[in-house]
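Q: Position one of the sequence shown corresponds to residue 55 (this note's numbering), numbered consecutively onward.
This is the structure, below, for whatever I ask next.
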Amino acid sequence: GCNPLAETGRSKLQNQRAVLNQQILRAVRMRAGAENLLRATTNNKVREQVLLELSFVNSDLQILKEELEGLNISVEVYQNAEETFSIPLVPLGLKETKEVDFTLPLKDFILEHYSEDSSEYEDEIADLMDLRQACRTPSRDQAGIEMLISYFLQLGYVENRFFPPTRHMGVLFTWYDSFTGVPVCQQNLLLEKASILFNIGALYTQIGTRCNRQTQAGLENAVDAFQKAAGVLSYLKETFTHTPSYDMSPAMLNVLVKMMLAQARECVFEQSGLSGIRNEFFTLVKMTQEVAKVGEVYMLLNTAMNQEPVKENIPYSWSKLAQIKSDHYKALAHYFIATILCDHELQPGDDEDQQEKALSQLYDHMPEGLMALAVLKDKVRRKQLGKAHLRKAIVYHEEALRVCGLCKKLRNIEVLQEVLTAAHKRSLLKYAQQETEDDFLSLIQAPDVLPKTEHKIETIPPQFSKVKVKDFFHKLGPLTVFSAKQRWTAPRTIRIPQGAGGLGFHLKGGSPAQIYCLDPVCPAASTGLKEGDYVVSVGGVDCKWLGANEVLEKLRSVGEQPLEMEVVSCQDTTASLHSKSATYSVGMQKTYSLICLAMDEDKIDQTKKAPLKLPFLSWGTKNRQKAASTLCLPSAVAGSSQSKKKLSPFTLLNTESSLY
Numbered sequence: 055g056c057n058p059l060a061e062t063g064r065s066k067l068q069n070q071r072a073v074l075n076q077q078i079l080r081a082v083r084m085r086a087g088a089e090n091l092l093r094a095t096t097n098n099k100v101r102e103q104v105l106l107e108l109s110f111v112n113s114d115l116q117i118l119k120e121e122l123e124g125l126n127i128s129v130e131v132y133q134n135a136e137e138t139f140s141i142p143l144v145p146l147g148l149k150e151t152k153e154v155d156f157t158l159p160l161k162d163f164i165l166e167h168y169s170e171d172s173s174e175y176e177d178e179i180a181d182l183m184d185l186r187q188a189c190r191t192p193s194r195d196q197a198g199i200e201m202l203i204s205y206f207l208q209l210g211y212v213e214n215r216f217f218p219p220t221r222h223m224g225v226l227f228t229w230y231d232s233f234t235g236v237p238v239c240q241q242n243l244l245l246e247k248a249s250i251l252f253n254i255g256a257l258y259t260q261i262g263t264r265c266n267r268q269t270q271a272g273l274e275n276a277v278d279a280f281q282k283a284a285g286v287l288s289y290l291k292e293t294f295t296h297t298p299s300y301d302m303s304p305a306m307l308n309v310l311v312k313m314m315l316a317q318a319r320e321c322v323f324e325q326s327g328l329s330g331i332r333n334e335f336f337t338l339v340k341m342t343q344e345v346a347k348v349g350e351v352y353m354l355l356n357t358a359m360n361q362e363p364v365k366e367n368i369p370y371s372w373s374k375l376a377q378i379k380s381d382h383y384k385a386l387a388h389y390f391i392a393t394i395l396c397d398h399e400l401q402p403g404d405d406e407d408q409q410e411k412a413l414s415q416l417y418d419h420m421p422e423g424l425m426a427l428a429v430l431k432d433k434v435r436r437k438q439l440g441k442a443h444l445r446k447a448i449v450y451h452e453e454a455l456r457v458c459g460l461c462k463k464l465r466n467i468e469v470l471q472e473v474l475t476a477a478h479k480r481s482l483l484k485y486a487q488q489e490t491e492d493d494f495l496s497l498i499q500a501p502d503v504l505p506k507t508e509h510k511i512e513t514i515p516p517q518f519s520k521v522k523v524k525d526f527f528h529k530l531g532p533l534t535v536f537s538a539k540q541r542w543t544a545p546r547t548i549r550i551p552q553g554a555g556g557l558g559f560h561l562k563g564g565s566p567a568q569i570y571c572l573d574p575v576c577p578a579a580s581t582g583l584k585e586g587d588y589v590v591s592v593g594g595v596d597c598k599w600l601g602a603n604e605v606l607e608k609l610r611s612v613g614e615q616p617l618e619m620e621v622v623s624c625q626d627t628t629a630s631l632h633s634k635s636a637t638y639s640v641g642m643q644k645t646y647s648l649i650c651l652a653m654d655e656d657k658i659d660q661t662k663k664a665p666l667k668l669p670f671l672s673w674g675t676k677n678r679q680k681a682a683s684t685l686c687l688p689s690a691v692a693g694s695s696q697s698k699k700k701l702s703p704f705t706l707l708n709t710e711s712s713l714y
């Protein structure tokens with residue numbers, strides 16, 4: 055990974071994000087304590103004082119949330135270093151996490167479950183922890199992507215090796231929400247895997263915004279990066295359906311996928327006009343439809359951003375930027391049509407049918423009383439319709455500038471202001487160049503432009519198979535046999551005396567070799583060998599990765615000498631899974647519950663008991679933890695504890711104790 059102490063713009067933003075996360079955590083703890091006191095006390099004077107304190111905490115949380123939003127809209131840091139005259143693209147910030155120490159849990163599990171000397175695996179555990187630490191500061195290039203993917207794949211091995219479905223390992227993973235800063239703590243490795251996937255998608259967005267959009271290759275790389283980011287986020291949404299963090303909820307991921315595809319579409323349009331837009335009839339028709347498509351996708355994105363439940367958590371400036379881009383690109387579409395109508399007259403040698411068809415395809419319907427061919431032939435009507443489109447373009451430009459001026463974060467982005475102002479002035483100049491006439495006599499209203507594109511923008515699924523990784527804990531044996539789901543006896547030494555004749559058993563299978571057709575009266579059986587045992591070593595040499603023929607060769611190579619080999623037996627694994635699952639508080643949707651502790655079964659109403667299944671939020675306690683707490687965002691606290699209150703992501707509800 056990158057040097058975490060490097061004073062780059064991106065590292066400074068990530069450090070600020072980490073500091074804000076800690077401040078939000080402290081504020082949430084204070085709020086939790088105040089809410090507990092409010093529910094517990096009946097003294098009116100105390101209640102008034104607590105309500106006053108809660109109002110201060112709420113205001114602090116709101117300020118911190120706005121500061122975090124400011125980091126999410128700090129797009130200038132992530133753009134290409136070259137001077138550009140393009141509207142900035144929006145990247146995702148990396149999720150922050152706390153350090154995790156795998157040493158004791160994994161060493162204990164190796165000794166207990168695999169009956170091996172755990173000290174021999176200290177280097178492998180250290181490698182795993184070093185890789186995780188490096189993933190907190192990945193480089194913003196393909197090497198950083200491959201490192202994150204390698205850790206994600208390594209987690210698959212670790213999950214199968216050390217995380218049995220029947221119990222938790224005591225490793226607590228803590229990740230902070232990218233939008234709210236609220237921490238999520240779980241012992242479930244799936245939280246770690248989901249968060250790494252989110253960061254892979256976020257890193258792709260940062261690579262996309264860094265590409266040089268003044269070159270063809272840079273725009274192609276940007277389109278590819280945003281499509282891959284959408285693919286990773288879509289994969290996360292489909293694979294991890296009960297993620298406990300707002301930034302990884304299905305609704306939020308759906309919006310993020312739309313945003314990445316919209317930015318890819320924007321880069322495709324920029325590719326079309328990179329070498330300049332020729333003032334030619336059919337070229338302008340094509341560009342009109344392409345830019346109208348960009349405006350449409352940003353309009354749909356803005357609509358999605360303003361829907362519940364993502365509306366409360368999506369950065370306000372993101373929503374307004376989507377609205378600005380929608381208006382800006384719609385204005386460009388009307389400007390291009392106005393240029394077609396005002397600058398191009400039907401010449402005797404032109405193909406009337408082709409121009410009529412092209413013009414009619416720009417509209418769902420022509421203005422009342424007008425026909426496409428009649429407009430092309432009539433100079434007055436062309437001018438009137440062209441000026442109507444210019445008026446509409448100016449209206450859209452002015453709306454984009456107005457919205458930009460209302461958002462504090464966006465009006466500080468200089469290049470955005472410059473692009474919007476230049477486009478607005480160009481439309482005004484074009485309108486002023488037309489012949490002066492009494493516009494009040496013209497009742498023509500410019501119709502909307504039909505979007506159309508020749509470029510297909512789709513998500514690109516993650517190609518994990520292209521990154522080759524080796525299991526750090528390869529020495530434990532083949533994963534299909536030596537996994538956390540299977541339980542084994544401790545290795546037993548089988549001694550076959552000198553001159554015993556035949557072995558008294560056969561070997562089968564690939565690695566590891568398995569005993570079958572065991573003669574019950576042979577010397578090996580008398581020393582403890584059983585049917586179905588796996589051979590793990592012969593003469594002190596590890597044989598877990600050797601097949602039946604290779605092990606047989608080792609046995610024969612001993613000759614007439616006494617033979618020693620170690621075997622293990624598979625134990626019955628009928629232990630039932632934990633029946634406890636996460637509990638949810640006060641009508642909060644299951645998908646968006648953040649931190650849940652198991653409740654004591656004898657205190658749960660049978661009609662409200664969680665189903666016996668293992669969702670993403672399953673919790674494995676043993677009848678000792680009581681009290682359920684759910685971490686959410688800030689909301690006003692009513693004077694009465696019995697009154698219902700609207701949940702928002704900073705609310706911390708708990709009955710007796712908090713996780714923190």
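Ideal Cβ placement from N, Cα and C applies to all residues, glycine included.
1. Does DSSP put L328 in a helix, a strand or coil?
2. So is L557 buried or exposed if we call it buried at 16+ other beta carbons inside 10 Å?
3. Label Q260 either buried or exposed according to how many other C-beta atoms from any shown protein chain fall within 10 Å of its C-beta, with 16 as the threshold for buried.
4. So the alpha helix (DSSP H) F252 belongs to, where does it begin and stop?
5. With a threshold of 6 Å (Cβ to nearest heavy atom), would A578 be considered close to the ligand GTP?
6. Looking at the unbroken alpha helix (DSSP H) that takes in F163, where does it start and where does it end?
7. Suppose contacts are defined by Cβ-Cβ distances below 7 Å. Is T543 in contact with E618 by that definition?
8. Just confirm the distance between the C-beta atoms of V503 and A346, as a whole number of angstroms; I'd bet it's less than 8 Å.
9. Run through the DSSP bridge pairs and tell me what F227 is partnered with.
10. What do you get for N97, buried or exposed, if any count of 16 or more other CB atoms within 10 angstroms of its CB means buried?
11. If distances are taken between C-alpha atoms only, which option among D171, E174, L209, S172 comes closest to C189?
12. Here's the rule I'm using: 16 or more other beta-carbon atoms within 10 Å means buried, otherwise exposed. How should L108 be labelled?
13. So, V348 versus E366, is the Cβ gap smaller than 7 Å?
14. Please report the straight-line C-alpha distance between S329 and F233, rounded to a whole angstrom.
15. Leaving out five residues on either side along the sequence, give the residues of the same chain with a beta carbon under 7 Å from the beta carbon of L226.
16. Which residues mark the beginning and the end of the alpha helix (DSSP H) in which T293 is found?
17. Just tell me which of N356, I179, K520 has its CA closest to the CA of K161.
18. Rounded to whole angstroms, what's the CA-CA distance from R445 to M359? Just pull it up for me.
19. Can you find the residues in the same chain that come closer than 6 Å, C-beta to C-beta, to F536, ignoring five residues on each side of it along the sequence?
20. With F388 as the anchor, note down where its alpha helix (DSSP H) starts and where it stops.
21. Who are the near neighbours of E453 in its chain, counting only those whose CB is closer than 6 Å to its CB and skipping five residues on each side?
22. Note down, in chain order, each residue of its chain lying with its Cβ closer than 7 Å to the Cβ of G564, except the 5 sequence neighbours on either side.
23. Can you list the beta strand (DSSP E) stretches of 3 or more residues lying completely in the stretch 539-574, in chain order?
24. Note down the Cα distance separating L273 from A305, rounded to an integer number of angstroms.
25. Can you tell me which of the three DSSP states C458 falls into?
26. Can you check which of these residues, A567, F336, L561, is closest to D573 by C-alpha distance?
27. Counting C-beta neighbours from all protein chains within 10 Å, is the total for P616 16 or more, i.e. buried, or is it exposed?
28. Please report the distance separating the alpha-carbon of N333 from that of A72.
29. What residues match up with D502 in a beta bridge as DSSP calls it?
30. Rounded to whole angstroms, what is the Cα-Cα separation between L482 and I448?
31. Where does L617 sit, in a helix, a strand or coil, going by DSSP?
32. I need the straight-line Cα distance from L470 to G224, nearest angstrom please.
33. With which residues is V589 paired in a DSSP beta bridge?
34. Would you be able to state if there are at least three C-beta pairs under 8 Å between the stretch 193-204 and the stretch 507-515?
35. Excluding the 5 residues flanking R549 on each side, which residues of the same chain have their C-beta closer than 6 Å to its C-beta?
36. Would you kindly work out how many angstroms separate the C-alpha atoms of Y300 and L245, rounded to a whole number?
A: Result, derived from the coordinates:
1. coil
2. buried
3. Q260 is buried by the Cβ-count criterion.
4. 243-264
5. This structure simply doesn't include the ligand GTP, nor any ligand for that matter.
6. 157-167
7. no
8. 4 Å
9. Q240
10. exposed
11. L209
12. Classification of L108: buried, given that the 10 Å Cβ count is 16 or more.
13. no
14. The straight-line gap from Cα to Cα measures roughly 38 Å.
15. C239, Q241
16. Here the alpha helix (DSSP H) through T293 covers 270-293.
17. I179
18. 29 Å
19. Correct list, in chain order: L530.
20. The question names Phe, but residue 388 in the sequence shown is His. Unbroken alpha helix (DSSP H) run through H388: 370-397.
21. Counting only Cβ-Cβ distances below 6 Å, and skipping sequence neighbours, we find D381.
22. G601
23. 546-550, 560-562, 568-570
24. The alpha-carbon of L273 is positioned some 29 Å away from that of A305.
25. helix
26. L561
27. exposed
28. Here the alpha carbon of N333 sits roughly 51 Å from the alpha carbon of A72.
29. Looking at the DSSP output, D502 sits in no beta bridge, so it has no partner there.
30. The C-alpha of L482 lies about 7 Å from the C-alpha of I448.
31. strand
32. 49 Å
33. V621
34. no
35. T581, E618
36. One alpha carbon belongs to Y300, the other to L245, and they sit about 13 Å apart.
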